[in-house]
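All remarks here apply to the structure that follows.
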Amino acid sequence: MQSSLSFLSVAKPLSVSSPVRIKCSLFTAPSTTDPNSMAASGPKWAQKTITLPPQRRGCHLITPKIMKEIGQDLSGFNCGLAHLFLQHTSASLTINENYDSDVRTDTETFLNRIVPEGASAPWRHTLEGPDDMPAHIKSSMFGCQLSIPITNGKLNMGTWQGIWLCEHRDEPTARKVVVTLNGI
Amino acid sequence: MQSSLSFLSVAKPLSVSSPVRIKCSLFTAPSTTDPNSMAASGPKWAQKTITLPPQRRGCHLITPKIMKEIGQDLSGFNCGLAHLFLQHTSASLTINENYDSDVRTDTETFLNRIVPEGASAPWRHTLEGPDDMPAHIKSSMFGCQLSIPITNGKLNMGTWQGIWLCEHRDEPTARKVVVTLNGI
Amino acid sequence: MQSSLSFLSVAKPLSVSSPVRIKCSLFTAPSTTDPNSMAASGPKWAQKTITLPPQRRGCHLITPKIMKEIGQDLSGFNCGLAHLFLQHTSASLTINENYDSDVRTDTETFLNRIVPEGASAPWRHTLEGPDDMPAHIKSSMFGCQLSIPITNGKLNMGTWQGIWLCEHRDEPTARKVVVTLNGI
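As you go down the protein sequences, you meet chains D, U and V in turn.
Under the UniProt record's numbering, the first residue of the first sequence is numbered 1, with each subsequent residue one higher.
Under the UniProt record's numbering, the first residue of the second sequence is numbered 1, with each subsequent residue one higher.
Under the UniProt record's numbering, the first residue of the third sequence is numbered 1, with each subsequent residue one higher.
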């Protein structure tokens, strides 16, 4: 383990022309300083803020919206991670079934059953409306951020997985997602 | 904050004095092998273990404590991710409202309603006290780790977002968070 | 998609022979282009899809299975992050107690209490069996992905933390986890 007050950090250049797959072990790059290959294959960072249009309270499949915004950029990564960060506290991001919309309806039903709202609710935070405090709780239950592996220029999700935006407020508002891509 | 339709991206080694934004495509650095510019602008990793002082059972806003520990280091990143990892199984990390403390009180109320504790609880794991098994469940409900985008040297959270430590045990203990910064 | 037993990874040149720890500030590498030292310590990406054997409904400690697959590769990282991504929507990944198996049993008890199943359940999505919709909900409650810090070649989890696979379906099936390692 590391000591409790130390920082470890390193900056570095790159020297390989393309990634290589080998079984269960790490590839060590041949030594070269060709600047062209560097520029072509170096570790890349990309970051973008996507604004999603207002959507009604409930769970929504947003994979197509996200892919429309980042699909072209993903193609530049052979291996990496895509991070999605929702900049709000009354909505959430989760990964779940991408096929039957009943799954999204039932998930919204569950959330509304589990988190009391209105007269029966014990909340102190009520100034922003009866749906606001339940929205905050649901946001922490499902979370506001996701990391998804990138493999060969695509999000490497399972066949039935999709990205959901869960809107927990009654009043639809635009939602911002900061997407950060990192990889090679 | 960054504009809503721009991409920030860099391939390494880097040879410009500041990052460049171009719309929806990856920036490729001009080719140079000037080691100074490389060292100055290459991908960086930083890791630190932060010890948070004991806090009473409930939800606590810890953004200021975290920023005090990593704020200076964040300033060295134009684009990246900050990862926070709580090394415990009876507390949690989540992102939620940073303004009205009632939201934190209500969230604690919710957690205590949803997870049975004491005589009415069906738990087999009781040796560590009646609050221990509920604490483990709450820890998995909210999670013990977060990734937050870094943009222009700052955590790129929404206006109302803050980092919460949720302490689920009755007996306050110090909690350790491993912070890992990665970016350019 | 990638094959289930292959690793994709690249090492980048580094201008120092080994990382350096300094208190609360970022280390800038001295300028040198010695390719040997570079190849030895550059930033690396590794990615692998692990297939976990079918397991009964409930929570299972899978740290040993994961370490058997990636332990050797982890040893090549001084500092970084390990990302685990479960490619399914009816199971989940979480970090919790690694010692007393009663904690896993009690967590399964909680999940079954909190998510209605069978005759009493309000679900519309029932074609895949009474346990399917509850499984989807549990998957979003606990999540399908985790990032864990890597420090000195090991997963830097707390003493009592372990990685759990929570199987939410009655019918055991093999589960795939995409593991992505990134660091120096």
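Glycine included, every Cβ here is placed at the ideal spot set by N, Cα and C.
None of the values given here were measured: they were computed from a predicted structure.
For Gly118 of chain U, count neighbouring C-beta atoms within 10 Å of its own C-beta (all shown protein chains included) and say buried if the count is 16 or more, exposed if not. Gly118 of chain U is exposed by the Cβ-count criterion.
Please report whether the beta-carbon of Pro122 of chain U lies at a distance below 8 Å from any beta-carbon of chain V. yes
Give the secondary structure of Val103 of chain V by DSSP, where H, G and I count as helix, E and B as strand, and everything else as coil. Reduced to three states, the DSSP call for Val103 of chain V is helix.
Could you have a look at Leu127 of chain V and say whether DSSP puts it in helix, strand or coil? Leu127 of chain V falls in the coil class under three-state DSSP.
Can you check whether the CB of His136 of chain U is closer than 8 Å to the CB of Asp102 of chain V? No, the pair does not count as a contact, with Cβ atoms beyond the cut-off.
Top-ranked residue by Cα proximity to Asn96 of chain U, from U:Gly71, U:Arg169, U:Glu108, U:Trp160: Ranked by Cα distance from Asn96 of chain U, the first of U:Gly71, U:Arg169, U:Glu108, U:Trp160 is U:Trp160.
List in chain order: all unbroken alpha helix (DSSP H) runs of 4+ residues lying wholly within the stretch 132 to 173 of chain U. 132 to 142
Determine, using beta-carbon pairs with one atom in the stretch 104 to 112 of chain U and one in the stretch 151 to 169 of chain V, whether at least three such pairs fall under 8 Å. no
Alpha helix (DSSP H) segment containing residue 206 of chain U, residue limits: Outside the shown range of chain U, which is 1 to 184, sits residue 206 of chain U, and nothing can be said about it.
Measuring only between beta-carbons, confirm whether Ile66 of chain D sits less than 8 Å from chain U. no
Within 10 angstroms of its Cβ, does Thr89 of chain U collect 16 or more other Cβ (buried), or is it exposed? When all chains shown are included, Thr89 of chain U counts as buried.
How many angstroms separate the CA atom of Leu61 of chain D from the CA atom of Gly158 of chain U? Straight-line Cα distance between these residues: approximately 22 Å.
When burial is assigned at 16 or more other CB atoms within 10 Å of the CB, is Gln145 of chain D buried or exposed? buried
Buried or exposed (CB count within 10 angstroms, at least 16 for buried), Pro43 of chain U: When all chains shown are included, Pro43 of chain U counts as buried.
Buried or exposed (CB count within 10 angstroms, at least 16 for buried), Gly143 of chain D: Buried.
Could you give the distance in angstroms between the alpha-carbon of Asn78 of chain V and the alpha-carbon of Leu111 of chain D? 42 Å
Chain V residues whose Cβ lies nearer than 8 Å to that of Cys144 of chain U: Ordered by position in chain V, the residues that pass the 8 Å Cβ test against Cys144 of chain U are Ile95, Gln161.
Can you look up residue 243 of chain U in the DSSP assignment and give me helix, strand or coil? Since the first residue of chain U shown is 1 and the last is 184, residue 243 of chain U is not available in this structure.
Would you say Trp164 of chain D reaches chain U, if we count a Cβ-Cβ gap shorter than 8 Å as a contact? no
Could you tell me whether any Cβ in chain D is nearer than 8 Å to the Cβ of Val20 of chain U? For Val20 of chain U, the predicted structure reports a pLDDT of 30, less than 50, and the residue's modelled location is therefore unreliable. A value from the coordinates is still provided. No, no contact with chain D.
In three-state terms, what does DSSP make of Ser120 of chain D? helix
Which of helix, strand or coil DSSP assigns to Ser90 of chain V: coil
Strictly by DSSP, which residues pair up with Asn98 of chain U? Looking at the DSSP assignment, Asn98 of chain U forms no beta bridge with any residue, so it has no partner.
Under a Cβ-count criterion, where at least 16 other Cβ atoms within 10 Å of its own Cβ denotes burial, should Arg113 of chain U be classed as buried or exposed? exposed
For Gln47 of chain D versus Lys176 of chain D, is the C-beta spacing smaller than 8 Å? no
Looking at chain D, which residues of the stretch 67 to 95 of chain U have a Cβ within less than 8 Å of any of its Cβ atoms? Legend: CB atoms of the stretch 67 to 95 of chain U lying less than 8 Å from CB atoms of chain D belong to residues Asp73, Cys79, Gly80, Leu81, Thr94, Ile95.
In chain V, what lies closer than 8 Å to Ser147 of chain D by C-beta? His83, Phe85, Gln145, Ser147
Answer yes or no: does any C-beta atom of chain U fall closer than 8 Å to that of His168 of chain D? Using a CB distance cut-off of 8 Å, His168 of chain D does not count as an interface residue toward chain U.
Cut-off 6 Å between Cβ atoms - residues of its own chain near Thr94 of chain V, not counting five sequence neighbours on either side: Phe142, Trp164
Inter-residue spacing [alpha-carbon to alpha-carbon] between Asp73 of chain D and Ser147 of chain V: 23 Å
Using the three-state DSSP reduction, which class does Arg57 of chain D fall into: helix, strand or coil? coil
Excluding the five sequence neighbours on either side, which residues of its own chain have a C-beta within less than 8 Å of the C-beta of Pro35 of chain D, listed in chain order? Note that Pro35 of chain D has pLDDT 37, beneath the 50 cutoff, so the model's placement of it is unreliable and the number below is only indicative. Contacts found: none.
For chain U, check one thing: does any of its Cβ atoms lie closer than 8 Å to the Cβ of Leu8 of chain D? Its pLDDT being 37, under 50, Leu8 of chain D is placed unreliably in this model, and the value from its coordinates should be taken loosely. By this cut-off, Leu8 of chain D is an interface position.
Three-way DSSP call (helix, strand, coil) for Phe7 of chain U in this model: In this prediction, Phe7 of chain U has a pLDDT of 44, which is less than 50 and means its spatial position is unreliable; what the coordinates show is noted afterwards. Phe7 of chain U: strand per DSSP, three-state reduction.
Check whether the Cβ atoms of Pro130 of chain V and Thr109 of chain D lie closer than 8 Å to each other. In this structure, Thr109 of chain D does not lie closer than 8 Å to Pro130 of chain V by Cβ.
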